[in-house]
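Under our numbering, the residues of the sequence shown are numbered 1045 to 1546, in order.
Glycine included, every Cβ here is placed at the ideal spot set by N, Cα and C.
Note that the structure is a prediction, hence the values are computed from the model and not measured.
See structure below.
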Amino acid sequence: MTKNLVDLGPLRITFINIGTELMAGQRNNSGLALRIFSAHIFMGVIAIGLSQSIGPIGWEVIVPFCGASILLLMYLFLVRVVRNPSSLILDPIVCFALATAVYFGFGPLLYVFGPNETAEYSLAWYPTDPRAGLWLIALHFIGIGITGITCISTRFNAVSRAASVCATRWARISTEKVVVFFIVVGMLFRFFFVIPYEFGMIKMPPSALVRALQNFVLVGFFIGFSLPRMNRSLRKLLKYALVVQVGTSILMFNKTEVLLAVLSAGLGMFIARGRIMSLVSMAGIAIAIYVVLGPLVLFGRNQLLDSGTDGMRVAGMIDRGVLVQEYLESRRTGGQSGETEAMWWYRLNYIPSQHAAVDLYNEGRGSESFKNVLWLFVPRSIYPDKPILSSEGAMLTDKVHGFSTSSTGIGVFADGYYNFGWFGVVLSAITYGLVLSVYRCIARPIINQKAFALYPLALVGVTVAIRPDGWWLLDVAGPVILVLAGLFLVRSFSESKLRFRG
1045 MTKNLVDLGP
1055 LRITFINIGT
1065 ELMAGQRNNS
1075 GLALRIFSAH
1085 IFMGVIAIGL
1095 SQSIGPIGWE
1105 VIVPFCGASI
1115 LLLMYLFLVR
1125 VVRNPSSLIL
1135 DPIVCFALAT
1145 AVYFGFGPLL
1155 YVFGPNETAE
1165 YSLAWYPTDP
1175 RAGLWLIALH
1185 FIGIGITGIT
1195 CISTRFNAVS
1205 RAASVCATRW
1215 ARISTEKVVV
1225 FFIVVGMLFR
1235 FFFVIPYEFG
1245 MIKMPPSALV
1255 RALQNFVLVG
1265 FFIGFSLPRM
1275 NRSLRKLLKY
1285 ALVVQVGTSI
1295 LMFNKTEVLL
1305 AVLSAGLGMF
1315 IARGRIMSLV
1325 SMAGIAIAIY
1335 VVLGPLVLFG
1345 RNQLLDSGTD
1355 GMRVAGMIDR
1365 GVLVQEYLES
1375 RRTGGQSGET
1385 EAMWWYRLNY
1395 IPSQHAAVDL
1405 YNEGRGSESF
1415 KNVLWLFVPR
1425 SIYPDKPILS
1435 SEGAMLTDKV
1445 HGFSTSSTGI
1455 GVFADGYYNF
1465 GWFGVVLSAI
1475 TYGLVLSVYR
1485 CIARPIINQK
1495 AFALYPLALV
1505 GVTVAIRPDG
1515 WWLLDVAGPV
1525 ILVLAGLFLV
1535 RSFSESKLRF
1545 RG
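So, in structure tokens, the structure goes:
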């Protein structure tokens, strides 16, 4: 079986053509990317056929597919970044390639190369066999291919022109003033709305707009650390703000926010220096944070769940600080934190939850979250009874295990199947590609003209590109509506200013 998988004639020809183009120094990265994403669709079709074959198969059957995907996507990522470091933010498809290689290439390899205890722990969430795993990998390869081809093949000229008009007007603002503005505004929304809710001081959950505005601080980190020179006061502000951001995120038991803060600063340093070793160092630090914080986050959340009767109990800053201290003490004395070996790998693998979502759809119990897309245009402040759009993960857990105290992810493409079957996979992939293309059209004029004040619009594309493990409604459709609305408002303001001065 393994021999047949490795010796796939047409696929080998595709890989050889890609390698030939690279060795020849081909500058047309779009052609290279199209071939790589087309190869994923081809691999997906092959994998579906093998998953339907007669006879027993083991988890090793996924190795050639996942290995080929990782090599192709990482090569695309490195070629783009080495030739132009700014492509990390100019072209969302670069970050998309990296994220999909991690989640849908490396993640499933847990069942082949990971610790048996962790693999069994993963399968305990929802029983999955190698045949189903191969089929799910095929589904994602097809989704990856369609998304990549759609993004590369489309361009929204009207969006690009609008972004260019805005960039021309806003490029004149002082960079240091922009950094201070983003840090201060982000911290204000974080400490007045988000943290009080997370720590049980207020009951009203922050809106999507508020959560987006608190992320202004991440934009401030990126711009500030990308400056080749800065005054001493600004340097101190950035360092203190970064410490506060990381510290409060740890107390919230949210390793994603810790990673985003560190990566924003690290990405800025990489852009400033332009050295590939800076990128490697940043990746190493991010991996270390992910591995180290995993047990702490699990311990803290488990303690809050154990003490509550309906979801997590309310815990203030002091209580959470005590939990962190208890965890550190248990590690120092050799105690157990509830963390299985290599749980960080477990969190990169979505096969069991994806299998559950597919089975639920096939049983007629799928999701209807795509039908709520129009609710994205309705602010909760105007209609308080608006459905909670972020509950899909908890609802999936409830369908599988009968409780909703934890939220489970499945990824954008599995979410498409969860809603509409294979039509949903194609729909989610095409729209994901179109959205990434929109972000590319927005980012290029803003970054090229150094309109730092508009960087929030440009950097959203990066956050969306690294979330193929998210939900279509919240992580693909939702952000683009806010960004396009923001672009429209900024352009209207810019044009009115130009007319007034004219």
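Quick test of your reading: residue i and residue j, contact by CB under 8 Å. State the CB separation rounded to the nearest angstrom.
| i | j | result |
| --- | --- | --- |
| Ala1509 | Leu1480 | 6 Å |
| Trp1103 | Pro1159 | Going by Cβ atoms, the distance from Trp1103 to Pro1159 rounds to 14 Å, so no, they are not a contact pair. |
| Leu1404 | Lys1443 | 6 Å |
| Val1126 | Ile1315 | The Cβ separation is near 14 Å, so there is no contact. |
| Leu1286 | Ala1309 | 6 Å |
| Val1238 | Val1254 | 7 Å |
| Phe1185 | Gly1088 | 4 Å |
| Phe1140 | Ile1114 | Phe1140 to Ile1114, Cβ: 14 Å. No contact. |
What separation, rounded to the nearest whole angstrom, lies between the Cα atoms of residue i and residue j?
| i | j | result |
| --- | --- | --- |
| Met1067 | Phe1121 | Reliability fails at Met1067, whose pLDDT of 43 lies under 50, so the model's placement of it is uncertain and the value that follows must be treated cautiously. Cα to Cα, the separation comes out at about 16 Å. |
| Phe1157 | Ile1188 | 24 Å |
| Thr1212 | Asn1128 | 23 Å |
| Cys1195 | Asn1201 | 14 Å |
| Leu1117 | Thr1191 | 13 Å |
| Tyr1476 | Leu1278 | 37 Å |
| Leu1271 | Trp1466 | 46 Å |
| Arg1511 | Lys1415 | 21 Å |
| Cys1485 | Met1231 | 29 Å |
| Arg1623 | Arg1205 | With the chain represented from 1045 up to 1546, any question about residue 1623 goes unanswered, as that position is not in the structure. |
| Val1123 | Ile1362 | 47 Å |
| Leu1501 | Ala1252 | 15 Å |
| Ala1112 | Arg1234 | 42 Å |
| Pro1250 | Phe1086 | 43 Å |
| Gly1410 | Leu1342 | 29 Å |
| Ile1106 | His1084 | 14 Å |
| Leu1503 | Gly1408 | 38 Å |
| Asn1259 | Phe1148 | 27 Å |
| Ser1538 | Ser1435 | 38 Å |
| Ala1327 | Val1335 | 12 Å |
| Arg1079 | Arg1276 | 48 Å |
| Gly1530 | Ser1097 | 51 Å |
| Pro1431 | Leu1282 | 38 Å |
| Pro1523 | Leu1433 | 13 Å |
| Phe1532 | Ile1525 | 11 Å |
| Asn1406 | Phe1236 | 44 Å |
Is the Cβ-Cβ distance between residue i and residue j less than 8 Å?
| i | j | result |
| --- | --- | --- |
| Ala1176 | His1399 | yes |
| Leu1392 | Val1146 | yes |
| Leu1303 | Leu1262 | no |
| Leu1340 | Tyr1371 | yes |
| Ala1091 | Leu1154 | no |
| Gly1601 | Phe1269 | The first residue shown for the chain is 1045 and the last is 1546, placing residue 1601 beyond what the model contains. |
| Arg1488 | Val1209 | no |
| Thr1441 | Leu1349 | no |
| Thr1144 | Met1387 | no |
| Ala1495 | Ala1215 | yes |
| Leu1257 | Lys1299 | no |
| Ser1130 | Ile1491 | yes |
| Ile1294 | Val1368 | yes |
Taking residue i as the reference, which of the options has the closest Cα?
| i | options | result |
| --- | --- | --- |
| Arg1421 | Pro1339, Tyr1334, Leu1528, Trp1388 | Looking at the sequence itself, residue 1421 is Phe, so the reference to Arg does not match. Among Pro1339, Tyr1334, Leu1528, Trp1388, the Cα nearest to that of Phe1421 belongs to Leu1528. |
| Asn1346 | Trp1389, Met1296, Ile1092, Ile1181 | Met1296 |
| Ala1182 | Glu1161, Pro1152, Thr1162 | Pro1152 |
| Ile1101 | Leu1278, Thr1172, Val1506 | Thr1172 |
| Gly1093 | Leu1503, Val1368, Phe1109 | Phe1109 |
| Pro1396 | Ala1112, Tyr1119, Tyr1165 | Tyr1165 |
| Tyr1170 | Ile1490, His1445, Val1470, Asp1519 | His1445 |
| Tyr1119 | Ala1521, Lys1247, Leu1142 | Leu1142 |
| Gly1365 | Asp1429, Gly1291, Pro1431 | Gly1291 |
| Ile1193 | Met1274, Leu1533, Ala1473, Val1524 | Ala1473 |
| Ser1218 | Met1274, Lys1247, Met1248 | Met1274 |
| Asp1429 | Phe1081, Gly1099, Tyr1394, Met1248 | Met1248 |
| Ser1082 | Ser1197, Ser1095, Leu1132 | Ser1197 |
| Ser1095 | Phe1447, Val1506, Leu1180 | Leu1180 |
| Tyr1394 | Glu1412, Phe1447, Phe1457, Tyr1427 | Phe1457 |
| Gln1493 | Leu1076, Ser1413, Gly1099, Ala1207 | Ala1207 |
When you compare the CB of residue i with every CB in chain B, is at least one pair closer than 8 Å?
| i | result |
| --- | --- |
| Leu1183 | No chain B is part of this structure, which consists of one protein chain only. |
Using 8 Å as the Cβ pair cut-off and three pairs as the minimum, do the segment 1121–1137 and the segment 1364–1378 touch?
no
So, do the segment 1330–1342 and the segment 1265–1284 have three or more beta carbon pairs nearer to each other than 8 Å?
no
Count the CB pairs spanning the segment 1457–1466 and the segment 1217–1229 that are closer than 8 Å, and state whether there are at least three.
no
Counting Cβ pairs closer than 8 Å, one from the segment 1512–1521 and one from the segment 1441–1456, do we hit at least three?
yes
Hey, is the segment 1356–1371 in contact with the segment 1243–1261, meaning 3+ C-beta pairs nearer than 8 Å?
yes
So, does the segment 1481–1501 touch the segment 1407–1425, judging by three or more C-beta pairs under 8 Å?
no
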